[in-house]
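Numbering (the numbering used here), first residue to last: 143 to 365.
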């Protein structure tokens, strides 16, 4: 079984409409839907705590083979708005126990900085076979809606990520500890370190409709 992880209702709305999804249950504020047999989706909320809690709840109740996180993200590179990115790994840029002698970004419970996705090269080949133009790269996660400025510049320099968002790294950590395979597909919403950030208009609804049109056949291929 495949689980599709979203933060917001606005991100999942186009998928629910196109697939004629059926609501299954809402537990602790986490709404779960059946998209089609073998593929479920849920909305867990914004931020790392919501993402981790909802991922663990979903794993405990539905025992998925895969969780696929889908959503929008800001780009540290000069990527066109709407670019689809398959995550290779995640870091959590707001974890800092350097005062205790740890490397920046180290999550001490599992003693690692990077949280990999599962077989990104094979997943990239699946997208290519489906005719999906995409990029692959590292994604930074943290409890901040990142905007252009000194913090974005620091994250870019310190961790060299392609994108930044607020949930994927937490889901990756939960999946790693539960031995659940994990993938993430993101749509570029804005540019965080570029002077031409405002040259293109980001239409949230259209971007998520496009991304969800990719996510469903991708999930079918995983299943």
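Heads up, the beta-carbon is just placed ideally off N, CA and C, and yes, glycines get one too.
All of these numbers come straight from a predicted model, not from anything done at the bench.
Is DSSP giving residue i helix, strand or coil here?
| i | result |
| --- | --- |
| residue 206 | coil |
| residue 268 | helix |
| residue 365 | coil |
| residue 182 | strand |
| residue 231 | strand |
| residue 170 | coil |
| residue 177 | strand |
| residue 290 | coil |
| residue 259 | coil |
| residue 302 | coil |
Among the residues of its own chain, which have a CB less than 7 angstroms from the CB of residue i, if the five just before and after it don't count?
| i | result |
| --- | --- |
| residue 365 | 144, 180, 181 |
| residue 178 | 161 |
| residue 245 | 255 |
By the DSSP assignment, the beta strand (DSSP E) with residue i in it spans what residues?
| i | result |
| --- | --- |
| residue 246 | Neither: residue 246 is in no beta strand (DSSP E) and is coded neither H nor E. |
| residue 307 | 305-307 |
| residue 163 | Here residue 163 belongs to no beta strand (DSSP E), and DSSP marks it neither H nor E. |
Considering only C-alpha positions, which residue in the set the options is nearest to residue i?
| i | options | result |
| --- | --- | --- |
| residue 322 | 154, 206, 151 | 206 |
| residue 325 | 231, 306, 150, 169 | 231 |
| residue 290 | 334, 154, 191 | 334 |
| residue 189 | 157, 285, 280 | 285 |
| residue 167 | 152, 159, 185 | 185 |
| residue 320 | 349, 156, 198 | 198 |
| residue 275 | 347, 266, 156, 349 | 266 |
Hey, quick one: how far does the alpha helix (DSSP H) through residue i stretch, first residue to last?
| i | result |
| --- | --- |
| residue 254 | Careful: residue 254 lies outside any alpha helix (DSSP H) and carries neither H nor E. |
| residue 145 | Looking at the DSSP string, residue 145 is not in any alpha helix (DSSP H); the run it does join, the beta strand (DSSP E), is 144-148. |
| residue 115 | Because residue 115 is not part of the residues shown, which for the chain are 143 to 365, the question remains open. |
| residue 241 | Unbroken run through residue 241: none, as it is neither H nor E. |
| residue 187 | Careful: residue 187 lies outside any alpha helix (DSSP H) and carries neither H nor E. |
| residue 416 | Summary: the structure shown does not reach residue 416, with the chain confined to residues 143 through 365, and so no result is reported for it. |
| residue 318 | 310-320 |
Skipping 5 residues on each side, what residues in its chain have a beta carbon closer than 8 angstroms to that of residue i?
| i | result |
| --- | --- |
| residue 277 | 221, 225, 226, 227, 228, 304 |
Quiz item: Is the number of C-beta pairs between the region 296-312 and the region 172-180 that are closer than 8 angstroms three or more?
Solution: no
Quiz item: Does the region 146-155 come within contact of the region 206-224, defined as at least 3 CB pairs closer than 8 angstroms?
Solution: yes
Quiz item: Are the region 348-360 and the region 306-313 touching, with three or more C-beta to C-beta distances below 8 angstroms?
Solution: no
Quiz item: Touch check for the region 188-204 and the region 246-254: three-plus C-beta pairs under 8 angstroms?
Solution: no
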